[in-house]
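Trainee: Okay, so the sequence shown: first residue is 39 according to the working numbering, each after it adds one.
Glycine included, each C-beta is placed from N, C-alpha and C at the ideal position.
Here you go, one structure.
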Amino acid sequence: MVGNLWFNTLPGMGAALPQITPLKSLGYSRDILLKGVNPQLTFSIPKPAGGIESNSSFLNLQIKLSPFLDKDSSVRVLVNEEPIAALSVETLRKTPTLKIPLSSLPAGE
């Protein structure tokens with residue numbers, strides 16, 4: 039799994055242009071590989087110092103699936119322990135990028 043963060047900063051709080059932050063810049067030097075029957079991954083994303091425009095900021099996850107996954111398998115994505123997506127393997131094979139809006143983050147996150 040690889041991904042990019044797309045932050046829009048708040049007006050008057052710094053750069054006016056959108057900021058794209060590759061996960062590589064957060065310490066992930068290569069794709070993240072999950073193995074096993076019920077693999078899980080937890081990671082934190084730091085908020086830019088100037089804040090973000092949450093309604094237009096998002097996380098793009100590019101999910102590469104093993105060709106050996108059962109067709110009935112699915113991928114669940116949670117943000118702050120809240121489910122935001124459950125996608126079938128067939129859906130992810132057709133559209134392997136998941137766009138997660140950051141507007142759902144609670145205050146202070």
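Count the other CB atoms within 10 Å of the CB of Met51; is the residue buried (16 or more) or exposed (fewer)?
Mentor: Along the sequence shown, read from residue 1 onward, the residue named residue 51 stands at position 13. Because Met51 sits at a pLDDT of 49, beneath the cut-off of 50, its placement in the model cannot be relied upon, and the point is left open.
Trainee: How do the region 121-132 and the region 66-86 stand: do at least 3 beta-carbon pairs fall below 8 Å, yes or no?
Mentor: The region 121-132, when compared against the region 66-86, does not touch it at the 8 Å Cβ threshold.
Trainee: For Asn98, which of helix, strand or coil comes out of DSSP?
Mentor: Taking the first residue of the sequence shown as position 1, residue 98 is located at position 60. Residue state, collapsed to three classes: strand.
Trainee: Scan the region 101-135 and note each continuous beta strand (DSSP E) run of 3 residues or more that stays entirely inside, going in chain order.
Mentor: Segments of the beta strand (DSSP E) lying fully in the region 101-135: 112-117 and 120-126.
Trainee: Look at Leu99 and Val117 and say whether their C-beta atoms are less than 9 Å apart.
Mentor: In the sequence shown, counting from the first residue as 1, residue 99 sits at position 61. In the sequence shown, counting from the first residue as 1, residue 117 sits at position 79. Not closer than 9 Å, so no.
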